[in-house]
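> Shown below is the structure under consideration.
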Amino acid sequence: MFNRFRLNLFLVGGLLLSFVNARGQDSLQVMEGKNMCSLGSQSSFSIQIPQVKQKEIMSGWRKYVKQGTKKSAEEDGGEIILSQAVIPALGIDTFTVYAKTEATDRGVLFTSFYHWNDSLFISSSIDVSKTEKISGFIRTFAIQEYKNAVEDELKTNQKMLKTLESNLEDLISENDNSAKKINEYKRNIEQLKSDIKTTDKELDLKSEEVIRQKLYVESYTGTPEAKAVEEKKFKDLSKQKNKLIDKKEDMYKEIDDKEKKIKDKERLIEKNTNEIIPAKKDQITAQKVAVQQVEIKLSVIK
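Residues in the sequence shown are numbered from 21 upward in steps of one, following our numbering.
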């Protein structure tokens, strides 16, 4: 058990260290280039946003790009277009902004185009200052969307961890309840054994009554009517005896049933203790690592 605990700690530490090393420099970079939009091949700004969905990015961008403006961003032919707007984050200039998305293995490639005063598409070769503002504007959006996705991932993993911990508590409670049931069944068995002893005594007495009444009937010399009464008494005593026999048999069956239930509960406790609970604890350990990994991922998004 101690070695297993040390191994778990080693694995947790190793996984977290490797994750920190892998994600320590995580950042989202805006790339300039040429891409196709509805106005042909134009200067553009692209950024890869991990683990997001196209629908969420399209919806998020429509809200983001129109902040501080009185214009609406409309979708047309797969593009989101904000026409002739002054975007406060970019200064006092007027832009028509075109944006499109493309699903990738890592998430979504987001590309946008900035048509300045319906004259030129901005690039660093035209205006470095505007390009820097645009890059910052896009990157802020990408970080926001990426963080939202990772926060959702964190919530999902935290929920999974709570479920596993709840499952473990249920297993422990199941063992406790099973132990209580075993003690209850054992008390029932002891009471049944005591009742059987009492029934045995009653049965011995009833058997003697039956024998006496049988001998009495066999040697009876009275009237037929009186003999019929004694024969009926004999039958009633025999029925009472049989009921005691049946009662005793039922108690033995109940003891057998309780003993079977005890064995079933003991097997359940053994399986929970030796197999299911340790496996559940391993799952919890792994899930805690998963939660910590997502927390680290979230912390390095800058």
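Cβ coordinates follow ideal geometry from the N, Cα and C atoms, glycine included. Here the structure is a predicted model, which is why all the values come from computation and not from measurement.
(1) Can you grab the Cα-Cα spacing for the pair Lys-259 / Tyr-205, in whole Å?
(2) I'd like to know whether the C-beta atoms of Val-314 and Val-170 end up nearer to each other than 8 Å.
(3) Hey, could you find the ends of the beta strand (DSSP E) Ser-61 is sitting in?
(4) With DSSP as the reference, please indicate the residues paired to Val-117 in a beta bridge.
(5) Verify whether the separation of the beta carbon atoms of Ser-66 and Gly-80 is less than 8 Å.
(6) Mind checking whether Thr-124 and Gln-71 have CB atoms under 8 Å apart?
(7) If we ignore side chains and look at the alpha-carbon of each, how far apart do Ile-296 and Ser-198 end up?
(8) What residue ranges within the stretch 159-193 form continuous beta strand (DSSP E) runs of no fewer than 3 residues, ordered along the chain?
(9) Is Thr-116 near Ile-101, with beta carbons less than 8 Å apart?
(10) Are the CB atoms of Leu-188 and Lys-301 nearer to each other than 8 Å?
(11) How close, in whole Å, do the beta carbons of Ile-209 and Ile-275 come, if the pair is a contact with beta carbons under 8 Å?
(12) Please say whether Phe-130 and Gln-62 have beta carbons closer to each other than 8 Å?
(13) Starting from the C-beta of Lys-167, find all residues in its chain whose C-beta is less than 6 Å away, skip the five residues before and the five after it, and write them out in chain order.
(14) Check for me: the beta strand (DSSP E) holding Asp-17 runs from which residue to which?
(15) Using only the alpha-carbon positions, how far apart do Leu-181 and Glu-194 sit?
(16) Do you know offhand how far Gly-34's Cα is from Thr-305's?
(17) Going by C-alpha distance, which of Lys-150, Leu-264, Glu-279 is nearest Asn-220?
(18) Among Asp-96, Ile-77, Ala-105, Lys-283, which has the Cα closest to the Cα of Gln-87?
(19) Does the Cβ-Cβ distance between Lys-179 and Val-128 come in under 8 Å?
(20) Enumerated in chain order, which unbroken segments of the alpha helix (DSSP H) with a length of 4 residues or greater are wholly contained in the stretch 262-317?
(21) With distance defined between alpha-carbon atoms, name the residue in Gln-303, Phe-157, Lys-120, Lys-153 nearest to Cys-57.
(22) Would you list the one or two residues that DSSP bridges to Glu-122?
(23) When the Cα atoms are used, what is the spatial distance from Lys-267 to Lys-252?
(24) Rank Met-271, Ser-132, Lys-247 by C-alpha distance to the C-alpha of Lys-213 and give the top, closest one.
(25) For Tyr-236, count the other beta carbons within 10 Å of its own beta carbon; 16 or more makes it buried, fewer makes it exposed. Which is it?
(26) Is DSSP giving Leu-48 helix, strand or coil here?
(27) Can you check DSSP and say which residues form a bridge with Asn-55?
(28) What is the rounded straight-line gap between the Cα of Ile-202 and the Cα of Asp-190?
(29) Using beta-carbon positions only, say whether Ile-158 and Val-309 come within less than 8 Å of one another.
Concretely, from the data shown:
(1) 31 Å
(2) yes
(3) 60-70
(4) Leu-102, Tyr-134
(5) no
(6) no
(7) 15 Å
(8) none
(9) yes
(10) yes
(11) 5 Å
(12) no
(13) Ile-321
(14) Summary: the structure shown does not reach residue 17, with the chain confined to residues 21 through 322, and so no result is reported for it.
(15) 20 Å
(16) In this prediction, Gly-34 scores a pLDDT of 48, lower than 50, which makes its location untrustworthy; the coordinate-derived value is nonetheless stated afterwards. When rounded, the distance between both Cα atoms is 13 Å.
(17) The amino acid at residue 220 is misidentified as Asn; the sequence shows Asp. When each option's Cα is compared against that of Asp-220, the closest is Leu-264.
(18) Ala-105
(19) no
(20) none
(21) Lys-120
(22) Leu-129
(23) 22 Å
(24) Met-271
(25) exposed
(26) coil
(27) Gln-62
(28) 18 Å
(29) no
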